[in-house]
Amino acid sequence: MKNKRTYYKAMVLGDFSVGKTALIDRCINNELKKIYFPSLGCNMEVKDVNLDGYETLAILFDVSGVQSLLPLRKKYYPNSDGALVVFDITRSKTFNNIPNWIEEFFNNNGRGIVPIVLVGNKSDLRDENSITTESALEYATELSKWAGFEIPYFETSALDGSGVEEAFLTLVKNMIIQKQKGKHPPEKQQANNKKSMIQLKPPTINKDHN
Ligand SMILES: Nc1nc2c(ncn2[C@@H]2O[C@H](COP(=O)(O)OP(=O)(O)OP(=O)(O)O)[C@@H](O)[C@H]2O)c(=O)[nH]1
Ligand SMILES: [Mg+2]
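Residue numbers are given in our numbering: position 161 of the sequence shown equals residue 160, and the series is strictly consecutive.
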């Protein structure tokens with residue numbers, strides 16, 4: 000018998016201009032708009048996924064990365080099943096800001112700690128000053144230990160498409176697994192435990208990489 004279609008709500012988060020809209024565009028329409036139009040409000044796109052016989056619709060919520068627009072983002076967080084948390088590998092500030100995004104998301108989605116995938120975008124622009132894969136992986140490992148479940152890290156390019164499909168599919172897969180378990184991970188951690196988030200600032204970035 001065919002599995003029933005299931006809907007998942009996923010936020011795409013990260014600082015302004017890290018490439019959230021571009022990643023969604025690449026994932027849904029397989030294109031990239033090179034001109035930067037800052038997102039205002041919220042845009043929704045639907046990704047149709049068939050994973051191991053599970054017909055799934057992932058509703059991707061694209062919000063503005065401007066910090067001051069938190070009141071607006073707050074309206075869209077409730078009942079999210081997961082999030083893609085994105086930084087730009089060429090701007091270390093956007094990497095250092097990741098814990099704030101995770102904290103904002105977990106504290107406002109009404110479900111606490113749900114699956115997230117960490118994404119380092121603009122891999123096509125990598126140079127000697129970029130955030131290294133090792134630094135990002137190290138941070139993803141720290142985050143995973145804190146959360147009590149794996150938080151995968153992907154490097155992507157919305158320009159050439161590398162890693163994009165994998166990152167979105169992994170998020171969908173983890174949201175499916177979580178829903179099957181019938182609960183959200185792990186009760187032992189409370190999303191509003193600010194102290195544990197502060198301890199999770201990304202590892203200090205080596206001066207060589209600034
Ligand atoms: N070279 C390169 N450029 C990218 C990539 N992803 C996005 N861009 C460019 O970066 C700029 C910002 O991308 P957006 O997707 O609009 O960024 P955003 O995160 O949605 O920004 P806000 O909506 O303001 O929060 C645009 O000019 C994109 O074309 C990438 O992987 N490689
Ligand atoms: Mg945008």
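All C-beta atoms, glycine included, are put in the ideal place defined by N, C-alpha and C.
- In this structure, Phe167 keeps its C-beta atom at 9 Å or more from the C-beta atom of Asn120.
- Excluding its 5 nearest sequence neighbours in each direction, Leu50 has C-beta neighbours in its own chain below 8 Å: Leu168, Val171, Lys172 and Ile175, listed in chain order.
- Comparing alpha-carbon positions, the option among Phe104, Ala139, Ile101 and Arg90 lying closest to Glu127 turns out to be Arg90.
- The region 88 to 103 and the region 45 to 59 do not touch, with fewer than three beta-carbon pairs separated by less than 8 Å.
- When secondary structure is reduced to three states using DSSP, Glu30 falls in the coil class, being assigned neither helix nor strand.
- Residue nearest to Glu54 within the set Tyr138, Tyr7, Phe36 and Thr131 is Tyr7 (criterion: CA-CA distance).
- Shown here, Leu69 sits in a helix according to DSSP, grouped into three states.
- Pro114 counts as buried, since at least 16 other C-beta atoms from the protein chains shown sit within 10 angstroms of its C-beta.
- Assignment of Leu12 by DSSP, reduced to helix, strand and coil, places it in the strand class.
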